[in-house]
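Just so we're aligned, residue 46 is where the sequence shown starts under our numbering, counting upward by one. Ideal placement from N, C-alpha and C gives every residue a C-beta, glycine not left out.
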Amino acid sequence: MRHDAILRGVECARVEHLIQTMRAKVRSHRVMTQEPQFTPQAAHRWSELDGSLKMRLLNNVWCVACRNETTIVHFTGRVNGGSLVLEGCCIKCDGRVARVIEGE
(Lines of atoms letter the chains of each structure in order from A and count residues from 1; the text may use other names and numbers.)
(Lines give C-alpha, C1' and ligand atoms only; values in the text may rest on other atoms or scores of the structure.)
Protein backbone atom coordinates (compact mmCIF):
# COMPACT_ATOMS: atom_id res chain seq x y z
CA MET A 1 0.00 0.00 0.00
CA ARG A 2 2.74 2.48 0.97
CA HIS A 3 4.73 1.53 -2.14
CA ASP A 4 1.72 2.40 -4.34
CA ALA A 5 1.39 5.81 -2.67
CA ILE A 6 5.07 6.53 -3.28
CA LEU A 7 4.74 5.55 -6.94
CA ARG A 8 1.67 7.76 -7.35
CA GLY A 9 3.63 10.64 -5.77
CA VAL A 10 6.50 10.12 -8.22
CA GLU A 11 4.08 9.94 -11.14
CA CYS A 12 2.36 13.13 -9.98
CA ALA A 13 5.74 14.88 -9.72
CA ARG A 14 6.63 13.77 -13.25
CA VAL A 15 3.29 14.94 -14.61
CA GLU A 16 3.67 18.29 -12.82
CA HIS A 17 7.17 18.69 -14.27
CA LEU A 18 5.82 17.90 -17.75
CA ILE A 19 3.04 20.47 -17.33
CA GLN A 20 5.53 23.14 -16.20
CA THR A 21 7.82 22.34 -19.14
CA MET A 22 4.95 22.65 -21.61
CA ARG A 23 3.81 25.94 -20.06
CA ALA A 24 7.33 27.33 -20.41
CA LYS A 25 7.40 26.31 -24.09
CA VAL A 26 4.03 27.98 -24.70
CA ARG A 27 5.23 31.17 -22.96
CA SER A 28 8.42 31.13 -24.99
CA HIS A 29 6.41 30.73 -28.21
CA ARG A 30 4.14 33.61 -27.21
CA VAL A 31 7.19 35.81 -26.58
CA MET A 32 8.53 35.13 -30.05
CA THR A 33 5.25 35.42 -31.97
CA GLN A 34 3.41 38.36 -30.43
CA GLU A 35 4.28 41.79 -31.79
CA PRO A 36 4.45 44.54 -29.17
CA GLN A 37 2.18 47.56 -29.52
CA PHE A 38 3.96 50.92 -29.39
CA THR A 39 2.92 54.53 -29.79
CA PRO A 40 4.70 56.11 -32.79
CA GLN A 41 7.13 58.01 -30.55
CA ALA A 42 7.88 54.87 -28.50
CA ALA A 43 8.36 52.80 -31.66
CA HIS A 44 10.93 55.31 -32.89
CA ARG A 45 12.84 55.23 -29.56
CA TRP A 46 12.72 51.40 -29.46
CA SER A 47 13.99 51.13 -33.04
CA GLU A 48 17.07 53.18 -32.12
CA LEU A 49 18.21 50.57 -29.57
CA ASP A 50 20.63 47.76 -30.43
CA GLY A 51 19.10 44.25 -30.57
CA SER A 52 21.28 42.84 -27.79
CA LEU A 53 20.41 45.80 -25.55
CA LYS A 54 16.71 45.22 -26.22
CA MET A 55 17.03 41.59 -25.12
CA ARG A 56 18.91 42.59 -21.94
CA LEU A 57 16.21 45.12 -21.10
CA LEU A 58 13.36 42.67 -21.72
CA ASN A 59 15.03 39.92 -19.68
CA ASN A 60 15.86 42.19 -16.74
CA VAL A 61 12.52 43.26 -15.29
CA TRP A 62 11.53 43.06 -11.62
CA CYS A 63 8.31 41.20 -10.77
CA VAL A 64 6.79 42.17 -7.43
CA ALA A 65 4.69 38.98 -7.31
CA CYS A 66 7.62 36.63 -7.99
CA ARG A 67 10.03 38.84 -6.02
CA ASN A 68 12.60 38.11 -8.65
CA GLU A 69 14.03 39.19 -11.98
CA THR A 70 11.92 38.07 -14.94
CA THR A 71 11.20 38.57 -18.63
CA ILE A 72 8.47 40.95 -19.77
CA VAL A 73 6.03 39.58 -22.36
CA HIS A 74 2.91 40.92 -24.09
CA PHE A 75 4.20 44.44 -23.62
CA THR A 76 3.23 47.84 -24.92
CA GLY A 77 5.45 50.87 -25.21
CA ARG A 78 4.87 54.58 -24.70
CA VAL A 79 6.98 57.63 -23.94
CA ASN A 80 6.31 59.38 -20.64
CA GLY A 81 8.35 62.38 -19.50
CA GLY A 82 11.12 61.59 -21.97
CA SER A 83 11.47 57.96 -20.84
CA LEU A 84 10.38 54.88 -22.77
CA VAL A 85 7.96 52.86 -20.63
CA LEU A 86 7.29 49.20 -21.38
CA GLU A 87 4.28 47.67 -19.62
CA GLY A 88 3.40 44.00 -19.86
CA CYS A 89 3.27 40.66 -18.06
CA CYS A 90 5.76 38.52 -16.19
CA ILE A 91 6.65 35.40 -18.16
CA LYS A 92 6.55 33.30 -14.97
CA CYS A 93 3.34 34.37 -13.20
CA ASP A 94 1.53 36.63 -15.72
CA GLY A 95 1.62 39.44 -13.15
CA ARG A 96 1.87 43.04 -14.34
CA VAL A 97 5.41 44.38 -14.76
CA ALA A 98 7.00 47.49 -16.24
CA ARG A 99 10.42 48.54 -17.47
CA VAL A 100 11.45 52.21 -17.69
CA ILE A 101 14.23 53.16 -20.07
CA GLU A 102 15.28 56.66 -19.14
CA GLY A 103 15.59 59.27 -21.85
CA GLU A 104 18.36 61.76 -22.39
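Only residues of its own chain outside the window of five on either side were considered, and among them P81, L131, E132 and G133 have a CB closer than 7 Å to the CB of F120, listed in chain order. V124 is positioned such that its CB atom lies closer than 8 Å to that of R90. The DSSP assignment places 106-108, 113-115, 117-125 and 128-135 as complete runs of the beta strand (DSSP E) inside the segment 92-138, in order along the chain (cut-off: 3 residues).
Counting C-beta atoms within 10 angstroms of its own C-beta, A143 has fewer than 16 neighbours from the protein chains shown and is therefore classed as exposed.
Straight-line measurement puts the Cα of E61 at about 21 Å from the Cα of G140. Apart from the 5 residues on each side of it in sequence, C108 sits with its Cβ closer than 8 Å to the Cβ of E114, T115, C135, K137, C138, G140 and V142 in its chain, given in chain order. Close CB contacts of T84 within its chain, under the 6 Å cut and outside five residues either way in sequence, are with R123 (chain order). Q65 and V145 have their C-alpha atoms spaced approximately 30 Å apart. Cβ-Cβ distances below 6 Å link G126 to nothing in the same chain once the five nearest sequence neighbours on each side are left out.
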